[in-house]
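One structure is given here, and the rest of the page talks about it.
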Amino acid sequence: MSTTILLLTLIFPLVGTLINGFWGKHLSKKVSGTIATLAIAASFVTSCLFFAYIQDGEPVKVVLFEWMKFNYFSIDFGFYFDQLAALWLMFITGIGTLIHLYSTSYMSHDENFSKFFTYLNFFVFFMLILVTGSNLAMMFIGWEGVGLCSYLLIGFWYKNQDYNNAAKKAFIMNRIGDLGFLVGIFVTGYLFHTLDFIELKEQSFLAPTLGIATMAFFIAATGKSAQLPLYTWLPDAMAGPTPVSALIHAATMVTAGIFMITRLNFLFDLTPDVQHIIAIIGAVTSLVAATIALVQNDIKKVLAYSTVSQLGLMFLALGLGAYEVAVFHVITHAFFKACLFLGSGSVIHAVGGEQDMRHMGGLKKHMKITYATFFISTLAISGFPPLSGFFSKDEILLTAFHHNTVLWVVASLASILTAFYMFRLLFLTFSNKFRGTEEQEHHLHESPSAMTMPLIILAVLAAVGGLISIPGSSWLNEFLKPVIKNSATLHHHELGTTEYLLMGLAVVGALIGLMVAYFKYIKNKQVPVNDNNVSGLQKLFANKYYLDEIYMLIIVNPLNFFGSFFKKQIDGLINGVVLSFGRVPSELSYQGKKAQNGNIGLYLFAFVIGVCGLLYYLFMCY
Amino acid sequence: MNCIIILLIYVLGAVATLASNSKNAAKIALVTSLINAVIALVLTGEYLNGNDISFTQQWISNPNISLSFVVDGLSLTMLLLTTLLLPIIILASFNTLYSKANQLYSLVLFMAFAMAGTFLAQDGLVYYIFWELALLPIFFIGLLWGSDEWKVRKRVMVTFFMYTFAGSLFMLAAFAYLYTLTGSFAWSDLSKAVLSTKEANYIFLAFFLAYGIKIPVFPFHTWQANTYEKSPTIGTMLLSGIMLKMGVYSILRWQMPIAGNVSENILKTVIIFCIIGIIYASLIALRSNNLKRLLAYSSMAHVGLVAAGAYVGNSTGYQGAIIQMVGHGFVMVGLFYLADIISKRYDTYEIKEMGGIRSQAPKFTTFFLIILFASIGLPGTFGFIGEFTLLFALSEKELLYAVFAGTSIILGAYYMLKMFQNAVLGSTQNKVFAEVTTKEYFVLAVICVVLIGLGIYPKLLTDLFIQ
Numbered sequence: 017m018s019t020t021i022l023l024l025t026l027i028f029p030l031v032g033t034l035i036n037g038f039w040g041k042h043l044s045k046k047v048s049g050t051i052a053t054l055a056i057a058a059s060f061v062t063s064c065l066f067f068a069y070i071q072d073g074e075p076v077k078v079v080l081f082e083w084m085k086f087n088y089f090s091i092d093f094g095f096y097f098d099q100l101a102a103l104w105l106m107f108i109t110g111i112g113t114l115i116h117l118y119s120t121s122y123m124s125h126d127e128n129f130s131k132f133f134t135y136l137n138f139f140v141f142f143m144l145i146l147v148t149g150s151n152l153a154m155m156f157i158g159w160e161g162v163g164l165c166s167y168l169l170i171g172f173w174y175k176n177q178d179y180n181n182a183a184k185k186a187f188i189m190n191r192i193g194d195l196g197f198l199v200g201i202f203v204t205g206y207l208f209h210t211l212d213f214i215e216l217k218e219q220s221f222l223a224p225t226l227g228i229a230t231m232a233f234f235i236a237a238t239g240k241s242a243q244l245p246l247y248t249w250l251p252d253a254m255a256g257p258t259p260v261s262a263l264i265h266a267a268t269m270v271t272a273g274i275f276m277i278t279r280l281n282f283l284f285d286l287t288p289d290v291q292h293i294i295a296i297i298g299a300v301t302s303l304v305a306a307t308i309a310l311v312q313n314d315i316k317k318v319l320a321y322s323t324v325s326q327l328g329l330m331f332l333a334l335g336l337g338a339y340e341v342a343v344f345h346v347i348t349h350a351f352f353k354a355c356l357f358l359g360s361g362s363v364i365h366a367v368g369g370e371q372d373m374r375h376m377g378g379l380k381k382h383m384k385i386t387y388a389t390f391f392i393s394t395l396a397i398s399g400f401p402p403l404s405g406f407f408s409k410d411e412i413l414l415t416a417f418h419h420n421t422v423l424w425v426v427a428s429l430a431s432i433l434t435a436f437y438m439f440r441l442l443f444l445t446f447s448n449k450f451r452g453t454e455e456q457e458h459h460l461h462e463s464p465s466a467m468t469m470p471l472i473i474l475a476v477l478a479a480v481g482g483l484i485s486i487p488g489s490s491w492l493n494e495f496l497k498p499v500i501k502n503s504a505t506l507h508h509h510e511l512g513t514t515e516y517l518l519m520g521l522a523v524v525g526a527l528i529g530l531m532v533a534y535f536k537y538i539k540n541k542q543v544p545v546n547d548n549n550v551s552g553l554q555k556l557f558a559n560k561y562y563l564d565e566i567y568m569l570i571i572v573n574p575l576n577f578f579g580s581f582f583k584k585q586i587d588g589l590i591n592g593v594v595l596s597f598g599r600v601p602s603e604l605s606y607q608g609k610k611a612q613n614g615n616i617g618l619y620l621f622a623f624v625i626g627v628c629g630l631l632y633y634l635f636m637c638y
Numbered sequence: 183m184n185c186i187i188i189l190l191i192y193v194l195g196a197v198a199t200l201a202s203n204s205k206n207a208a209k210i211a212l213v214t215s216l217i218n219a220v221i222a223l224v225l226t227g228e229y230l231n232g233n234d235i236s237f238t239q240q241w242i243s244n245p246n247i248s249l250s251f252v253v254d255g256l257s258l259t260m261l262l263l264t265t266l267l268l269p270i271i272i273l274a275s276f277n278t279l280y281s282k283a284n285q286l287y288s289l290v291l292f293m294a295f296a297m298a299g300t301f302l303a304q305d306g307l308v309y310y311i312f313w314e315l316a317l318l319p320i321f322f323i324g325l326l327w328g329s330d331e332w333k334v335r336k337r338v339m340v341t342f343f344m345y346t347f348a349g350s351l352f353m354l355a356a357f358a359y360l361y362t363l364t365g366s367f368a369w370s371d372l373s374k375a376v377l378s379t380k381e382a383n384y385i386f387l388a389f390f391l392a393y394g395i396k397i398p399v400f401p402f403h404t405w406q407a408n409t410y411e412k413s414p415t416i417g418t419m420l421l422s423g424i425m426l427k428m429g430v431y432s433i434l435r436w437q438m439p440i441a442g443n444v445s446e447n448i449l450k451t452v453i454i455f456c457i458i459g460i461i462y463a464s465l466i467a468l469r470s471n472n473l474k475r476l477l478a479y480s481s482m483a484h485v486g487l488v489a490a491g492a493y494v495g496n497s498t499g500y501q502g503a504i505i506q507m508v509g510h511g512f513v514m515v516g517l518f519y520l521a522d523i524i525s526k527r528y529d530t531y532e533i534k535e536m537g538g539i540r541s542q543a544p545k546f547t548t549f550f551l552i553i554l555f556a557s558i559g560l561p562g563t564f565g566f567i568g569e570f571t572l573l574f575a576l577s578e579k580e581l582l583y584a585v586f587a588g589t590s591i592i593l594g595a596y597y598m599l600k601m602f603q604n605a606v607l608g609s610t611q612n613k614v615f616a617e618v619t620t621k622e623y624f625v626l627a628v629i630c631v632v633l634i635g636l637g638i639y640p641k642l643l644t645d646l647f648i649q
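Protein sequence lines correspond, in order, to chains A and B.
According to the numbering used here, the first sequence is numbered sequentially starting from 17.
According to the numbering used here, the second sequence is numbered sequentially starting from 183.
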């Protein structure tokens with residue numbers, strides 16, 4: 017496979033960035049948006065070529081030059097195109113193209129239109145570097161680069177300082193994880209004298225400090241993929257325009273942590289203790305986020321917590337060593353969650369910027385396409401057969417059941433809650449009567465085709481995406497075989513009675529969630545009350561377990577306190593000491609000056625003492 | 183060609199500038215600095231071709247002092263930093279109309295002469311003379327052209343002068359003692375001197391007083407923020423961009439090679455103080471309301487990491503310190519220039535009186551973003567190469583050092599983004615902020631190209647000192 021074509025995959029988005037970055041203001045919106053969309057579409061074409069090639073071809077490594085050099089190893093500026101990268105390339109560029117297309121319409125009234133597409137192209141560029149980097153340092157370029165673009169896009173409407181706060185919070189919390197990434201790199205480099213993935217895979221061995229490295233990498237993943245305890249930035253990140261939420265904060269960037277752990281599966285396999293921690297954190301996160309999603313009234317916030325919850329399920333799979341299963345859920349999730357976010361954008365568009373579901377309702381008859389695609393994706397995420405989410409979620413639950421019943425119970429509970437809050441969202445938004453103002457009602461309309469077309473394509477994918485890994489004959493597992501050293505998935509692919517029973521249970525669970533939501537919001541036409549009027553558990557959920565407040569109390573406030581303390585007290589104290597050193601000579605000279613008082617008697621006295629001293633010295637020493 | 187020509191041209195330029203009138207002074211200074219930048223690049227080419235560009239001439243036979251200027255990868259990199267940054271600094275100062283400009287620019291060139299001499303001198307005493315010579319011009323620049331009342335300014339600048347001067351005297355004492363051992367001030371002899379651990383400890387600490395104050399390392403830093411704040415922007419740029427590198431350079435050139443077998447406990451203590459300084463300065467930066475002071479503390483935090491890496495004493499730390507000295511030089515000059523541009527338009531350095539810039543000046547904002555993210559070490563910028571290498575060096579010594587020092591990448595992002603949000607973002611407050619002029623665009627673009635170019639292809643520079 018020609019390396020030029022592979023590199024073009026990365027170059028197209030960069031060219032798009034530069035064109036819009038330098039000349040975007042002089043281009044019409046139509047041209048600007050088209051260039052950006054075409055850049056990603058071109059990238060998608062080359063990705064498809066590579067995807068076709070890799071079906072039975074060998075992975076390709078491209079080294080451009082030596083980037084950094086240390087005395088016992090060096091780091092290449094290079095790329096590695098293999099099966100794992102191929103999967104991510106496909107859905108980043110594929111979904112990326114759809115979301116760019118969608119954005120040309122969604123953002124059409126924005127004054128900084130070309131800037132938006134500059135950032136969006138730039139994001140895709142870094143995301144592609146992240147998944148194709150040939151070593152850990154290259155991956156880190158992409159890792160921080162997507163963080164930068166995420167920062168720029170969350171705070172895209174920069175005149176609102178609340179949005180800027182959300183952007184800043186996202187970047188800083190990710191940086192906590194990034195420090196983990198760096199520590200992981202340092203330990204790995206120190207142990208194996210390489211950061212190259214191929215060499216690491218060949219050379220990896222168990223060392224006492226390897227657990228520190230994998231744990232550090234996992235901390236990095238909790239930042240980027242929004243897991244406990246670092247997830248709180250993701251719901252705030254919904255401040256960004258909705259296509260950004262769909263692309264960055266649902267389909268692609270937040271899956272980087274899962275990509276990284278899958279990439280390093282051979283290291284994680286060596287440290288089972290860390291794997292246990294990953295599984296537990298994943299399961300707990302999925303349940304915690306699902307409970308918070310139950311009581312959110314902002315349509316995007318529900319989806320954000322749902323993303324955190326689904327990512328938790330993926331980490332559960334990773335922790336159990338079932339890397340293919342996690343990757344499977346990444347892909348199906350990318351389809352249905354992108355569709356849901358874009359759908360919510362279509363809704364927000366229709367109701368004039370309103371995001372509170374309590375002021376929606378009855379949109380079904382005004383927006384048929386949006387409703388239909390949203391409905392399909394809701395079925396998919398809730399795990400109804402034969403839609404994609406059913407297969408991927410079921411495999412996670414099955415794997416969990418075979419390893420640990422408690423984890424299975426937690427994950428199943430999270431899944432049932434998912435079905436409930438997703439149908440709650442669906443019913444509140446689309447069913448019953450419209451609850452907004454009359455003026456809004458007057459304007460209700462279906463979105464233009466640039467927005468509905470991506471919705472339709474994504475809904476189809478959300479429906480049939482499960483085909484890539486049907487239990488028993490999984491194309492995906494075969495495809496990923498060269499990437500994953502030891503697979504925990506393969507041995508229980510025989511489907512017995514237990515498996516069918518578990519599947520049935522999962523579907524019944526999803527049905528219960530659906531039914532509860534139906535009775536509450538369609539039969540009884542309930543509308544959620546104000547957050548201030550809830551109590552008990554609901555209040556805990558509505559306040560997100562007070563995690564933000566706790567962080568404020570134990571981290572942010574102390575930092576500020578010590579900052580002020582150092583600035584006012586300690587710096588003053590040190591300066592005082594320094595200045596007092598400076599005063600010593602002047603004090604001495606002041607005292608010395610007193611002796612020079614013109615009293616001849618005193619001078620004579622000093623003279624005599626001095627001569628005596630000299631004589632004494634001469635006589636005694638010689 | 184010979185490296186001494188750079189020194190001669192700076193002196194000639196300083197004289198010519200002084201003799202000219204105020205109107206032409208800046209231009210003469212700029213031309214001088216540009217000539218030297220070109221010469222430095224030519225010298226680099228000759229050095230890479232293996233030509234000898236050193237200069238050695240016996241000066242005084244007793245005591246044995248020679249005018250010896252030797253070029254190796256380390257000193258050549260520092261020379262490049264000085265000669266390439268100086269035209270940028272001078273061009274950046276065109277925004278300000280200084281009174282008695284001929285005197286000011288003459289002092290600037292004289293300071294460049296002294297700093298270049300410090301980086302080139304291979305004779306301890308000649309090095310010391312250049313080291314102290316560099317202090318005089320910056321003292322007068324701050325004193326005569328600085329801001330605030332004369333009384334306040336005088337107190338700040340005198341404190342700065344006396345403090346750094348006092349620290350340097352210990353270094354002189356160390357050289358005197360070494361002379362009694364070896365009968366020479368030459369670097370080649372001193373670095374071969376065999377010292378007992380006790381001797382090495384004293385020599386190390388004497389050097390540390392000089393360098394720790396100059397860099398500055400916690401708790402010797404209290405002169406810094408005041409001096410940066412009161413100095414005119416051109417002085418602040420010279421101080422943070424080049425002068426404080428004299429300290430780190432000297433660690434690598436003199437302190438570690440000569441007193442390398444200092445006791446492990448002293449070395450550890452010094453490294454720990456460097457790391458404390460990183461966190462300490464970051465937290466103060468977080469609470470700083472004045473942009474110049476915030477940048478001063480951020481500079482201190484970054485240089486603390488550089489010093490820590492230099493004191494690790496292995497090859498990774500050595501190269502990391504050199505890389506980050508260059509990166510930090512360009513970043514600091516860029517940041518102080520941005521601050522200067524804002525203060526020219528809004529007439530304030532108080533962050534809370536700024537804001538609303540982005541909607542009025544998108545180009546300025548983009549430059550700000552690039553330099554800001556280079557300063558917090560985003561991969562793809564040169565700042566990352568330096569921070570990565572330095573933290574890696576610390577982790578080779580002790581993983582926990584890297585973890586604690588690494589908190590700077592979190593705190594750095596925190597205070598810089600907070601500052602950016604308040605200074606640049608937000609809605610317009612009925613204040614007019616003009617977009618960058620052509621001259622400003624040019625200066626900022628050069629800085630950004632250097633930071634991104636070297637971030638992607640660092641070998642362009644690092645080949646000079648990494649074999």
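Here a beta-carbon is modelled for each residue, glycine too, at the ideal position from N, C-alpha and C.
Output, in sequence order along the chain, the residues in the stretch 514-529 of chain B whose CB is closer than 8 angstroms to any CB in chain A. none
At the level of alpha carbons, what is the spacing between Ser243(B) and Ile625(A)? 42 angstroms
What are the residues of the stretch 179-196 of chain A that lie near chain B, defined by any Cβ-Cβ distance shorter than 7 angstroms? Asn180, Lys184, Phe187, Ile188, Arg191, Ile192, Asp194 and Leu195
Which residues does DSSP pair with Asp92(A) in a beta bridge? Glu82(A)
Taking all protein chains shown into account, do 16 or more other C-beta atoms lie within 10 angstroms of the C-beta of Trp491(A), making it buried, or fewer, making it exposed? Classification of Trp491(A): exposed, given that the 10 Å Cβ count is below 16.
Of all the options Leu336(A), Phe95(A), Gly529(A) and Tyr567(A), which has the alpha carbon lying nearest to the alpha carbon of Met154(A)? Phe95(A)
Cβ separation of Gly423(B) and Gly511(B), assumed to be a contact under 8 angstroms, to the nearest whole Å: 5 angstroms
Could you check the C-alpha separation between Phe351(A) and Gly417(B) for me, to the nearest Å? 57 angstroms
With DSSP collapsed to three states, give me the class of Gly40(A). Here Gly40(A) sits in helix by DSSP.
Which residues bound the beta strand (DSSP E) around Ser248(B)? In this chain, the beta strand (DSSP E) harbouring Ser248(B) covers Ile247 to Phe251.
Confirm the yes/no value for this check: CB of Leu54(A), any heavy atom of the ligand MN, distance under 7 angstroms. Ligands are entirely absent from the displayed structure, and the ligand MN is therefore not among its contents.
If we count Cβ pairs, one from each stretch, closer than 8 angstroms, do we get three or more for the stretch 184-197 of chain B versus the stretch 214-228 of chain B? yes
His209(A) versus Gly110(A) - alpha carbon distance: 37 angstroms
Member of Thr415(B), Tyr410(B), Phe342(B) and Thr644(B) whose CA lies at the smallest distance from the CA of Ala392(B): Check the Cα spacing between Ala392(B) and each of Thr415(B), Tyr410(B), Phe342(B) and Thr644(B): the tightest is with Phe342(B).
Can you name, in chain order, every residue of its own chain whose Cβ lies under 6 angstroms from the Cβ of Ala342(A), other than the five neighbours on each side? Ile274, Met330, Ala333 and Leu334
Report the start-end ranges of each alpha helix (DSSP H) in the stretch 442-481 of chain A that is 4 residues or longer and not cut off at the edges. 454-459 and 465-480
Exposure label - Val224(B); buried when at least 16 CB within 10 Å: exposed
With a CB to CB cut of under 7 angstroms and the five nearest residues on each side skipped, what residues in its chain are close to Leu114(A)? Pro470, Ile473 and Leu474
Three Cβ pairs or more, each shorter than 8 angstroms: is that satisfied between the stretch 359-368 of chain B and the stretch 448-457 of chain B? For the pair of segments examined, the stretch 359-368 of chain B was found not to touch the stretch 448-457 of chain B: the number of CB pairs separated by less than 8 angstroms stays below three.
Residue closest to Cys165(A), alpha-carbon to alpha-carbon, out of Leu263(B), Ile648(B), Leu573(B) and Leu551(B): If we check each option's Cα against that of Cys165(A), Leu551(B) comes out closest.
Taking the alpha-carbon positions, what's the Thr453(A) to Val270(A) distance? 36 angstroms
Which same chain residues end up closer than 6 angstroms to His419(A) when comparing Cβ atoms and leaving out the 5 residues on each side of it in sequence? Leu336
Name, going along the chain, the residues of the stretch 625-648 of chain B whose beta-carbon falls closer than 8 angstroms to a beta-carbon of chain A. Ile638, Tyr639, Pro640, Lys641, Thr644 and Ile648
When we look at the beta-carbon of Ile188(A) and count the other beta-carbons within 10 Å, is it buried (16 or more) or exposed? buried
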